[in-house]
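Residue numbers (this note's numbering), protein chains in the order written: chain F, 1 to 296; chain W, 1 to 384.
These notes concern the structure reproduced below.
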């Protein structure tokens, strides 16, 4: 097996993420794929902390912190400014959490990708407002505990389908990724970088503090999310052409994924059965969209 | 070249002459013609700029911030609710020390919906760290856009150019449009000291602990104070280049004036006429026009009012619970000054209600009739 991951590190040790956080790994791989002719924009999120406090920085590329709702709009301005200076090949990468993407930033993001601004938007999705202490977002899955969806009334709405929303904008490239499949992640970032226009990458990002999981199991959880089809790995070109990029070897029951996370510990067998049914249905719908063709 | 143009187009010509490189804006009445004309200028290449047609004013300011930190001259325009929606991003622009210029067309805030002129929108942003200039004429509007970039790029703070809804924005006046080559000499290309630069891994606007945060704010205040001097210098240089010089305030027939009207924006023009009429009758009335509101020109105001007995401040705005905002600021400026005139705080013309020469005459008459204001806010022409 060959590994197509560049050796050069653009992320430094000494970042201040929690142990087991998926977000620094996702960015580390993304920067390996993009190289140093990159500008990173960090929307208010865990990465506002992870990047390090003044006068330190955890990445070896220019980094701009920006307001919660401005991931799409700030990137549009940065890209226009760089292009006006003749820097047409510099990649602009926006990093945002699920709150900044699914909730408060969705308006500016939708507008930026509707204009087909030339940038990569990476949402690292830990499925709640983790930086403020685990409050539900519209990315929180059905049934999950958070501090605002307590055990007596866990979240009773399904997770918003952000990828479908991006695909509905018919942008050139939309993809999902997890840090358990770094070759897949790096290939997708490189592909995104090769396309002019708006690219959306949705990366599942385990959060031991918020998911009540073991820090050492974040990569395992990232893999189980794919193998259970809770978080399938696929890509969409121009909003239409769906390809599943990592086919689960065998479909693992969702309980294998959920039992490692305390945020689902309160769920009764019938709730777990409902989740399994939902996951199966969504997977079948996805497979149908691909026309049953799988890449790689 | 002289043209007869509306205030909104005076803004657009100013932005064209200043060679803004990125513009991000969203339509809102009564500002819309600014961005309409700019999009035409960008589309046909008369202005080599990228126009980002954003979906909100919040995004307009965020994109302008992004372009500015990427190292280019950036501009936006808005009004009223649009400015209110920008609020948090205004802090990002000023705290980020970005020399953005924005035109704000003064318009009342709802509810109920109202398109008329009122200064409460911009004055409500006075604590955001933006410089604010209030314009009396369309000529001043155009001239201030050009000066605004020069001042902003010198002190590294953003500049808001403020003009009144309809009375300026939609009213056509003769305006001298400077030659591009002359403006290029006056305002050279923007050379940012700090910018996003591939290969230079600096981080901007990240976490700052209390041990450093306060120093950043101290430096902002120092830059604010410096901007008073810079604005005066730039106003003189502008006069040398184009024959129209500007100061942070304008003194009109102030010598020996016992009663001084304090105005801003287009009400100044109306008040000038009244001052002339009263002077013709031998009354010692003068006018102080406040052009720069942030930073507040304390020394210039004190000096200008050092002989006045009574000062009538005309506010087309209100801070609920305090009254007219110029009056409140002026009283603060006079606190501790050796000479203390009596300040009469008038509120008038909210929501675009006409302020006529007769209105100004009534204000003068009230001020002459009383030794001191009878109430903390003198509401003019209000139905009770």
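Glycine is no exception: its CB is placed at the ideal position from the N, C-alpha and C atoms.
Keep in mind it's a predicted model, so treat the numbers as computed, not measured.
- With contacts defined by Cβ atoms closer than 8 Å, residue 157(W) and residue 227(W) form a contacting pair.
- With 16 or more other CB atoms across the displayed protein chains lying within 10 angstroms of its CB, residue 66(F) is buried.
- With respect to the C-alpha of residue 297(W), the residue from 8(W), 247(W), 202(W), 49(W) having the closest C-alpha is 247(W).
- Straight-line measurement puts the Cα of residue 129(W) at about 27 Å from the Cα of residue 239(W).
- If you draw a 10 Å sphere on the C-beta of residue 218(W), you find fewer than 16 other C-beta atoms in it, and that means exposed.
- Taking 8 Å as the upper bound for CB-CB distance, residue 169(W) and residue 7(W) are in contact here, some 5 Å apart.
- For residue 132(W), there is no enclosing alpha helix (DSSP H); the residue is part of the beta strand (DSSP E) that begins and ends at 131 to 134.
- Contact note: residue 94(W) does not reach chain F at a C-beta cutoff of 9 Å; the least C-beta distance is about 13 Å.
- Under the three-pair Cβ rule at 8 Å, the stretch 182 to 194 of chain F does not count as touching the stretch 251 to 267 of chain F.
- Nearest Cα to residue 51(F) within the set 171(F), 81(F), 11(F): 11(F).
- In this structure, the straight-line span from the alpha carbon of residue 49(W) to that of residue 166(F) is close to 28 Å.
- Around the beta-carbon of residue 159(F), 16 or more other beta-carbon atoms lie within 10 Å, marking it buried.
- Taking a C-beta cut-off of 8 Å against chain F, the contacting residues of the stretch 196 to 224 of chain W are 196, 197, 198, 199, 200, 201, 202, 203, 204, 205, 206, 207, 208, 209, 212, listed in chain order.
- Assignment of residue 72(F) by DSSP, reduced to helix, strand and coil, places it in the helix class.
- Taking all protein chains in view, the Cβ of residue 257(W) is crowded by 16 or more other Cβ atoms within 10 Å, so the residue is classified as buried.
- Residue 235(F) is bridged by DSSP to 175(F), 243(F).
- Residue environment analysis places residue 35(W) among the buried positions, since at least 16 neighbouring C-beta atoms fall within 10 angstroms of its C-beta.
- A distance below 8 Å separates the beta carbons of residue 145(W) and residue 14(W).
- Shown here, residue 289(W) sits in a strand according to DSSP, grouped into three states.
- Around the beta carbon of residue 332(W), fewer than 16 other beta carbons sit within 10 angstroms, so the residue counts as exposed.
- In this structure, residue 73(W) keeps its C-beta atom at 8 Å or more from the C-beta atom of residue 194(W).
- For residue 108(F), the nearest CB of chain W lies under 8 Å from its own CB, placing it at the interface with that chain.
- Residue-level contact check: residue 76(F) touches chain W, since one or more beta carbons of chain W fall below 8 Å from its beta carbon.
- Taking residue 312(W) as reference, the option from 319(W), 293(W), 362(W) with the minimal CA-CA separation is 362(W).
- At a cut-off of 8 Å between beta-carbon atoms, residue 101(F) makes no contact with chain W.
- Residue 9(F) is outside the set of residues whose beta carbon lies under 8 Å from a beta carbon in chain W.
- Annotation: Cβ neighbours of residue 49(F) in chain W (cutoff 8 Å, chain order): 207.
- Here the alpha carbons of residue 235(W) and residue 140(W) stand approximately 11 Å from one another.
- Annotated three-state conformation of residue 81(F) is helix, per DSSP.
- Considering only 120(W), 159(W), 175(W), 127(W), the residue with the shortest C-alpha distance to residue 64(W) is 159(W).
- For residue 51(W), DSSP records a beta bridge to 23(W).
- Beta-bridge annotation (DSSP): residue 129(F) is paired with 135(F).
- Going by C-alpha positions, residue 88(F) is about 34 Å away from residue 84(W).
- In this structure, the alpha-carbon of residue 58(W) lies about 10 Å from that of residue 24(W).
- In the structure shown, the three-state DSSP call for residue 46(W) is coil.
- When the Cα atoms are used, residue 144(F) and residue 156(F) turn out to be separated by approximately 8 Å.
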